[in-house]
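Engineer:
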Amino acid sequence: MNTPPTTLTVPRQVTVPTRTARGDRTTWIFVAALVLLFWVPEAILYMGWARFWITLLAEVFIWGLFAVAFNLLMGYTGMISFGQAAYLGIGGYTTGLLLKKISGFPFALGLIAAPVSGALAALIIGYFCIRLTHTYFAMLTLAFSMIVYYTAFKWYDFTGGDNGLIGIPVPAWVQDPTFANYYKFVLVVTLVGVYLLWRIVNSPFGKTLTAIRENPDRAGFVGINVKRYQLYAFIVAGAFSALAGALFMINERSVYPELAFWTRSTQVLLMSILGGVYTFFGPIVGAFMLQLMDADITKDYPQIWQLFLGSMLVLILYGLPGGIMGFIQARDTASTDDAATRVRKAMGEFSRKFWYFFAAALFFTAFFHILQAPDTWKTTVLLTAAQAVVGVVLCTWMLRQLNTFTQLWRVVFLVFPLLPLALHIALHTPLSGLMIVVLWAVFIYNYLWQAEIREAFGQPQHVALDIAPEAQ
Amino acid sequence: MSDFFVQFLNGVTIAMTIYLIASGLSLVFGVLGVLNFAHGSLYMYGSFLLFTLMRSVFHSPSSFWIGLLVVPLLVAILGAALEMGFLRFVYKADPLYQLLLTYGLVLIMSDVVKLIWGAENQSVSRPPGFNGSVAIFGQLFPSYSIFILLPCGIVTMIGLYVFLNRTRLGRIIRAATQDREMIGALGINVRLLYTGVFALGAWLGGLGGVIAAPMGAIYPGMDLDIIIDAFIVVVIGGLGSLAGTVLGALIFGLLRSFGILFVPQFETLFIFILMAIVLVVRPQGLLGKHVTSGH
Numbered sequence: 001m002n003t004p005p006t007t008l009t010v011p012r013q014v015t016v017p018t019r020t021a022r023g024d025r026t027t028w029i030f031v032a033a034l035v036l037l038f039w040v041p042e043a044i045l046y047m048g049w050a051r052f053w054i055t056l057l058a059e060v061f062i063w064g065l066f067a068v069a070f071n072l073l074m075g076y077t078g079m080i081s082f083g084q085a086a087y088l089g090i091g092g093y094t095t096g097l098l099l100k101k102i103s104g105f106p107f108a109l110g111l112i113a114a115p116v117s118g119a120l121a122a123l124i125i126g127y128f129c130i131r132l133t134h135t136y137f138a139m140l141t142l143a144f145s146m147i148v149y150y151t152a153f154k155w156y157d158f159t160g161g162d163n164g165l166i167g168i169p170v171p172a173w174v175q176d177p178t179f180a181n182y183y184k185f186v187l188v189v190t191l192v193g194v195y196l197l198w199r200i201v202n203s204p205f206g207k208t209l210t211a212i213r214e215n216p217d218r219a220g221f222v223g224i225n226v227k228r229y230q231l232y233a234f235i236v237a238g239a240f241s242a243l244a245g246a247l248f249m250i251n252e253r254s255v256y257p258e259l260a261f262w263t264r265s266t267q268v269l270l271m272s273i274l275g276g277v278y279t280f281f282g283p284i285v286g287a288f289m290l291q292l293m294d295a296d297i298t299k300d301y302p303q304i305w306q307l308f309l310g311s312m313l314v315l316i317l318y319g320l321p322g323g324i325m326g327f328i329q330a331r332d333t334a335s336t337d338d339a340a341t342r343v344r345k346a347m348g349e350f351s352r353k354f355w356y357f358f359a360a361a362l363f364f365t366a367f368f369h370i371l372q373a374p375d376t377w378k379t380t381v382l383l384t385a386a387q388a389v390v391g392v393v394l395c396t397w398m399l400r401q402l403n404t405f406t407q408l409w410r411v412v413f414l415v416f417p418l419l420p421l422a423l424h425i426a427l428h429t430p431l432s433g434l435m436i437v438v439l440w441a442v443f444i445y446n447y448l449w450q451a452e453i454r455e456a457f458g459q460p461q462h463v464a465l466d467i468a469p470e471a472q
Numbered sequence: 473m474s475d476f477f478v479q480f481l482n483g484v485t486i487a488m489t490i491y492l493i494a495s496g497l498s499l500v501f502g503v504l505g506v507l508n509f510a511h512g513s514l515y516m517y518g519s520f521l522l523f524t525l526m527r528s529v530f531h532s533p534s535s536f537w538i539g540l541l542v543v544p545l546l547v548a549i550l551g552a553a554l555e556m557g558f559l560r561f562v563y564k565a566d567p568l569y570q571l572l573l574t575y576g577l578v579l580i581m582s583d584v585v586k587l588i589w590g591a592e593n594q595s596v597s598r599p600p601g602f603n604g605s606v607a608i609f610g611q612l613f614p615s616y617s618i619f620i621l622l623p624c625g626i627v628t629m630i631g632l633y634v635f636l637n638r639t640r641l642g643r644i645i646r647a648a649t650q651d652r653e654m655i656g657a658l659g660i661n662v663r664l665l666y667t668g669v670f671a672l673g674a675w676l677g678g679l680g681g682v683i684a685a686p687m688g689a690i691y692p693g694m695d696l697d698i699i700i701d702a703f704i705v706v707v708i709g710g711l712g713s714l715a716g717t718v719l720g721a722l723i724f725g726l727l728r729s730f731g732i733l734f735v736p737q738f739e740t741l742f743i744f745i746l747m748a749i750v751l752v753v754r755p756q757g758l759l760g761k762h763v764t765s766g767h
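Protein sequence lines, in the order shown, are assigned to chains A and B. Under this note's numbering, the residue at position 398 of the first sequence is numbered 398, and the numbers go up by one with no gaps. Quick note: to get this note's numbering, add 472 to the position in the second sequence (first position is 1).
1) Looking at F66 (chain A) and V390 (chain A), is the spacing between their C-beta atoms short of 8 Å?
2) Decide if N593 (chain B) is buried, meaning its Cβ has at least 16 other Cβ atoms within 10 Å, or exposed.
3) If you drop the 5 nearest sequence neighbours on each side, which residues of the same chain put their C-beta closer than 6 Å to that of P544 (chain B)?
4) Between the Cα of A607 (chain B) and those of B:I660, B:S474, B:V705, spot the shortest distance and give me the residue it belongs to.
5) By Cβ distance, which residues of its chain are closer than 7 Å to Y616 (chain B), with the 5 residues on each side in sequence left out?
6) Among B:R646, B:V682, B:I683, B:G681, which one has its Cα closest to the Cα of L665 (chain B)?
7) Are any of the Cβ atoms in chain B nearer than 8 Å to that of F128 (chain A)?
8) Could you check whether the region 522 to 538 of chain B touches the region 732 to 747 of chain B, counting it as contact only if at least three pairs of C-beta atoms, one from each stretch, sit closer than 8 Å?
9) Kindly list, in the order they appear in chain A, the residues whose Cβ is closer than 7 Å to that of K586 (chain B).
10) Rounded to the nearest angstrom, what separates F357 (chain A) and T263 (chain A) at their Cα positions?
11) Leaving aside the five residues before and after S513 (chain B) along the sequence, list all residues of the same chain whose C-beta is less than 6 Å from its C-beta, in chain order.
12) Rounded to the nearest angstrom, what separates T639 (chain B) and Y633 (chain B) at their Cα positions?
13) Is the number of C-beta pairs between the region 205 to 215 of chain A and the region 30 to 41 of chain A that are closer than 8 Å three or more?
14) Mapping the DSSP letters down to three states, classify I166 (chain A) as helix, strand or coil.
15) Expressed to the nearest angstrom, what Euclidean distance is found between the alpha-carbon atoms of M289 (chain A) and G276 (chain A)?
16) Within its chain, find whatever has a CB closer than 7 Å to the CB of V186 (chain A); leave out the 5 residues flanking it on each side and keep chain order.
17) Would a check of beta-carbon distances place A260 (chain A) closer than 8 Å to chain B?
18) With 8 Å as the threshold, decide whether the Cβ of A674 (chain B) is near any Cβ in chain A.
19) Taking CB distances under 8 Å as the criterion, tell me whether P755 (chain B) reaches chain A.
20) Using a Cβ-Cβ cutoff of 8 Å, what residues of the region 138 to 151 of chain A are near chain B? List them in chain order.
21) Exposed or buried, what is M747 (chain B) when buried is set at 16 or more other beta-carbons lying within 10 Å of its beta-carbon?
22) At 3 residues or longer, and completely inside the region 333 to 361 of chain A: list those beta strand (DSSP E) runs for me, N to C.
23) Pairs of beta-carbons, one from the region 65 to 81 of chain A and one from the region 129 to 138 of chain A, closer than 8 Å: are there three or more?
24) If K564 (chain B) and Q303 (chain A) are in contact, beta carbons under 8 Å, what's the gap, nearest whole angstrom?
25) For I284 (chain A), report the span of its alpha helix (DSSP H) as first-last.
26) What residues are listed by DSSP as bridge partners for A671 (chain B)?
27) Which value, in whole angstroms, describes the spacing of the CA atoms of D651 (chain B) and V669 (chain B)?
28) Going by beta-carbon coordinates alone, are L759 (chain B) and S713 (chain B) separated by less than 8 Å?
29) Count the other C-beta atoms from every protein chain shown that fall within 10 angstroms of the C-beta of Y575 (chain B), then say buried if there are 16 or more, exposed otherwise.
30) How about L711 (chain B) and F501 (chain B): are their beta carbons less than 8 Å apart?
31) Keeping to the same chain, check which residues put their C-beta closer than 6 Å to that of F703 (chain B); ignore five residues upstream and five downstream.
32) So, for F509 (chain B): in the same chain, excluding its five sequence neighbours on each side, which residues have a beta-carbon less than 7 Å away from its beta-carbon?
33) Would you grab the beta carbon distance between G757 (chain B) and G716 (chain B) for me? Rounded to a whole angstrom, and I think it's under 8 Å.
34) Kindly say whether Q737 (chain B), judged by its beta-carbon, lies nearer than 8 Å to any beta-carbon of chain A.
35) Contact criterion: CB-CB distance below 8 Å. Does V596 (chain B) meet it with respect to chain A?
36) Could you check the C-alpha separation between N446 (chain A) and L622 (chain B) for me, to the nearest Å?
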């Protein structure tokens, strides 16, 4: 017991590979992605799948661009905006109004006008917003986005009010019946946008933004004009969001005020958090997953979509603050605890948060099952109760064993998520239900794959037990 | 003159309804530092619980009075459960993550409402004796607003003031808005205090839901409609300041009622512009204390 816990040799920080070295390779990844994704509509049509998937993917790309632009603010600069949808609206209405009101207006110019007006609006709005921080910043961005929303909603003479702006002329080549051209157009525009954003975050400018996120005061001390850089980030995010807004307009050939409504702002927030705000591609993954789950659930069970979404959000905020893509990244490097204390804390947290995922997985399995077969709900409830009892006993025992720091149990836990996953597949839980289990798995890997915990399990058992004596 | 008075009274009526909701939001923010998105949901649950109580349990309009006593307590219990089950674990996190957590609760609670009560609009009748109107300056006003809504709002206002300024517990709560760590060091059970304050905030939200229910429709989605209005009120008045909430509610109500008179299309727009101006010029709100870091 008296062995000092510092016998543990653990790196103080997990090193994150620098991105600059991979910069050039990424350009080729973008080109490869473009070439591969370009032929997806043909593949879908050839396989005889529904055209719905083509439009779904196109929407994922637009949301992805929007989310990456938004994440330049949230993840890279550390400013959480609750009104990013304002620029969607500004972009959509700029292009829409230009094409609609001026006959023969060139389509390309109309599209370029969107990011320009988005940047201008962001310059004006950002000028006021960057003076505030945290909740106040969020509230002011919300206020501005509502101003944009209500202006579009009420100004019938100009924007068409709540009837929207309909029948916007769009070149014939973007609207083919299979949506393949529309898809390809959106793909090219969004990939170019995302690539530009990639270059921006990996430039010295982007590194400066990250420095501001980490510590605005210190960034100021080394001579960075913090407010000015925040304003630049705000403008860039606004411009690319507006581009996404213009793209949303093209498919429906109409713009509605809902484009700028605040729930869109929270939706993009959800995507970023789901995918991981501290990674560049996380928000795109988040956008893909959210749109896919949305399509999957709302097809059969629209009544529980928000319930599901809210549960996902709560689970992620508790168990995976880094999002799905963020699980390899270092956690809490600012902590001043020594290695042993961090292991102890992480294990305690793991045991506690584990139950949230357990409960969510059990609940949604039962819920989807009841929705699929409402007549046998009594059996389902009984079965779930039995599963709960067995699961609680089993998991309590396993968590206890894990805290003995025997290597075997760490391996058991890393394999464990396969069990509920198999169970869900056997029970025909919809795709989105499986996501909860996937989150659970990512959560477990996130914790048990951390450097400190890996090291702790590698120690002889008596050393490990000294680290966490009360963990038993 | 009478026109002016009519609009003034209308404005005050709007102000009282929104005050009941915003005061709980402001109180919770002041003490816990969490801007509670789910406050609108608690308000919605207040309305729906009253609906169940009047329609399914007692089958009589006069059971409104029972609801007025019971429903806010039920909502307070729900609030305490939410605090103990979710919010308790994230006080150390970034305040905006807390805001997002409460947004997750909004999403969950809004679907639970639809699963329990259905997606249709519901309504409850006014308590007997308050169905008619009263004439003031020759203008008819619903007697419900004059004799129930206004007194309830004023009593709550005075009650909160007395509670926070004249009782020991109230002083502890006010101390908690100033320095949370210090009152913990002084031996106050901060965990219990937080749960209590959150429950009190929920109680106010539930009360708002009960009072507002007989005046309009009860529907899923009323949570989102009200919460943005409540945000405006507390931001204008000052986040965490109860006197500010009163002022914010009055400005909100009067701007609404007079806005309809003068700029019928853009009254909502003006409210948001006012909110933006207040945030730019005086971020802590009209009566708020200086902005502390971390919020």
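A virtual CB, placed ideally from N, CA and C, is assigned to each residue, including glycine. Just so you know, these numbers come straight off a predicted model, no measurement behind them.
Structural biologist: So, from the data block:
1) No Cβ-Cβ contact shorter than 8 Å links V390 (chain A) with F66 (chain A).
2) Classification of N593 (chain B): exposed, given that the 10 Å Cβ count is below 16.
3) The residues are W675, G678, L679.
4) Ranked by Cα distance from A607 (chain B), the options B:I660, B:S474, B:V705 are led by B:S474.
5) If we look at Y616 (chain B) and ignore the five residues flanking it on each side, its Cβ neighbours are R598, F602, P686, M687.
6) Of the listed residues, the one whose Cα sits closest to L665 (chain B) is B:R646.
7) Cβ-Cβ to chain B under 8 Å: yes for F128 (chain A).
8) Counting C-beta pairs with one atom in each stretch, the region 522 to 538 of chain B and the region 732 to 747 of chain B have fewer than three that are closer than 8 Å, which means they do not touch.
9) Those are Q303, listed as they occur along chain A.
10) Cα to Cα, F357 (chain A) sits roughly 26 Å from T263 (chain A).
11) Leaving aside the five residues that flank S513 (chain B) on each side, the residues in its chain whose CB is nearer than 6 Å to its CB run, in chain order, V578, M581, D695.
12) Answer to the nearest angstrom: the Cα atoms are 10 Å apart.
13) Two segments are said to touch when three or more pairs of C-beta atoms, one from each, lie closer than 8 Å; by this definition the region 205 to 215 of chain A does not touch the region 30 to 41 of chain A.
14) Note: I166 (chain A) maps to coil in three-state DSSP.
15) Cα atoms of M289 (chain A) and G276 (chain A): separation of roughly 12 Å, rounded to the nearest angstrom.
16) A58, F61, I62, L247.
17) Not closer than 8 Å to any Cβ of chain B, the Cβ of A260 (chain A) fails to qualify, so no.
18) It does not: the Cβ of A674 (chain B) has no partner Cβ on chain A nearer than 8 Å.
19) By this cut-off, P755 (chain B) is an interface position.
20) Of all residues in the region 138 to 151 of chain A, A138, M139, L140, L142, A143, F144, M146, I147, Y150, T151 have a Cβ within less than 8 Å of some Cβ in chain B.
21) It counts as buried.
22) Segments of the beta strand (DSSP E) lying fully in the region 333 to 361 of chain A: there are none.
23) Result yes; three or more Cβ-Cβ pairs closer than 8 Å.
24) Beta-carbon to beta-carbon, K564 (chain B) and Q303 (chain A) are separated by about 35 Å, too far to satisfy the 8 Å threshold.
25) First-last of the alpha helix (DSSP H) with I284 (chain A): 282 to 300.
26) Note: A671 (chain B) sits in no beta bridge, so no partner.
27) Cα to Cα, the separation comes out at about 15 Å.
28) In terms of Cβ geometry, L759 (chain B) and S713 (chain B) form a close pair [threshold 8 Å].
29) When all chains shown are included, Y575 (chain B) counts as buried.
30) Less than 8 Å separates the beta-carbon of L711 (chain B) from that of F501 (chain B).
31) Within the same chain, no residue comes within 6 Å of F703 (chain B) by CB-CB distance, once the 5 residues on both sides are set aside.
32) Within the same chain, L571, T574, Y575, V578, I699 come within 7 Å of F509 (chain B) by CB-CB distance, once the 5 residues on both sides are set aside.
33) Indeed they touch by this definition, with Cβ atoms about 5 Å apart.
34) For Q737 (chain B), the closest Cβ of chain A is nearer than 8 Å.
35) Not an interface residue.
36) Their backbone Cα atoms lie some 54 Å apart in a straight line.
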